[in-house]
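The block underneath contains the structure these notes are about, expressed in structure tokens.
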Amino acid sequence: MSLNKDPIFKILLKNSNLTRIQAETFLIDILAEKICEERIVYEEKAKLRPVGVSRGSFNRTLAQARKNIIRSIYTVILLGYLGIFDDPRLNPYIEISNKVRAYSEKYKDLWKKGEISEEQIRIIRTLQEEIEKGLFALSKPRAMSGKA
5 MSLNKDPIFK ILLKNSNLTR IQAETFLIDI LAEKICEERI VYEEKAKLRP VGVSRGSFNR
65 TLAQARKNII RSIYTVILLG YLGIFDDPRL NPYIEISNKV RAYSEKYKDL WKKGEISEEQ
125 IRIIRTLQEE IEKGLFALSK PRAMSGKA
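Using our numbering, the letters of the sequence shown correspond one by one to residues 5 to 152.
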């Protein structure tokens, strides 16, 4: 499944600090060299975007993505520093994070094997729907109020 069709990716992206283009650019920057197993210059990476862009545009978007990612990481570090992660209102976010990780790992394992039974498809779909509902509910500011 491509990320453009992945409902979990869409929900996560919508509620993140990245635009679709920033996420796409960051993924190209990170994954292109891993896939090709060689160094790729930014002009070539820019051409990997669905709509080709200049190297300068690619680099500006990549810088914006990196800045937003770093700010998000610092937000998480700040919350840890302030002891906020001990607040029980964050438990649902930690639980959904663990579910997303388990789903992602299971999906990758099944993809690598290439053989998927009907039962495995049913389990993956059920888990996906559960995650989608959880992410949607937790995206509302009221979810963190403890009154949801």
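Every residue gets a Cβ at the ideal spot worked out from N, C-alpha and C, and that includes glycine. The structure displayed is predicted, hence computed values, not measured ones.
Beta-carbon separation of residue i and residue j under 7 Å?
i, j, result
"ALA67", "LEU22", "no"
"ARG59", "GLU47", "yes"
"LEU16", "ILE32", "no"
"LEU142", "PRO92", "no"
"ILE44", "ALA36", "yes"
Taking the beta carbon of residue i as the centre, do at least 16 other beta carbons fall within 10 Å, making it buried, or is it exposed?
i, result
"PHE89", "exposed"
"ALA106", "exposed"
"ILE12", "buried"
So which of the options has the shortest CA-CA distance to residue i?
i, options, result
"THR65", "GLU28, ARG129 and LEU35", "GLU28"
"ARG129", "ALA147, PRO145, VAL104 and ARG146", "VAL104"
"PRO145", "ARG126, GLU41, LYS116 and LEU94", "LEU94"
"GLN26", "GLU41, ASP113 and ILE73", "ILE73"
"ASP10", "GLU119, GLY150 and GLU133", "GLU133"
"LYS71", "PHE30, ILE81, GLU37 and VAL45", "PHE30"
"ILE127", "GLY84, PRO54, TYR111 and LEU7", "TYR111"
"SER76", "ASN8, LYS38, ASN19 and CYS40", "ASN19"
At what residues does the alpha helix (DSSP H) containing residue i begin and finish?
i, result
"THR29", "24 to 40"
"PHE89", "No alpha helix (DSSP H) holds PHE89; DSSP gives it neither H nor E."
"SER108", "95 to 117"
"ALA147", "Unbroken run through ALA147: none, as it is neither H nor E."
"GLN17", "Looking at the sequence itself, residue 17 is Leu, so the reference to Gln does not match. 11 to 18 is the span of the alpha helix (DSSP H), which, as asked, contains LEU17."
"LEU161", "Not covered by the structure: residue 161. The range shown for the chain is 5 to 152."
Original post:
Is the number of C-beta pairs between the stretch 136 to 151 and the stretch 95 to 103 that are closer than 8 Å three or more?
Top reply: yes
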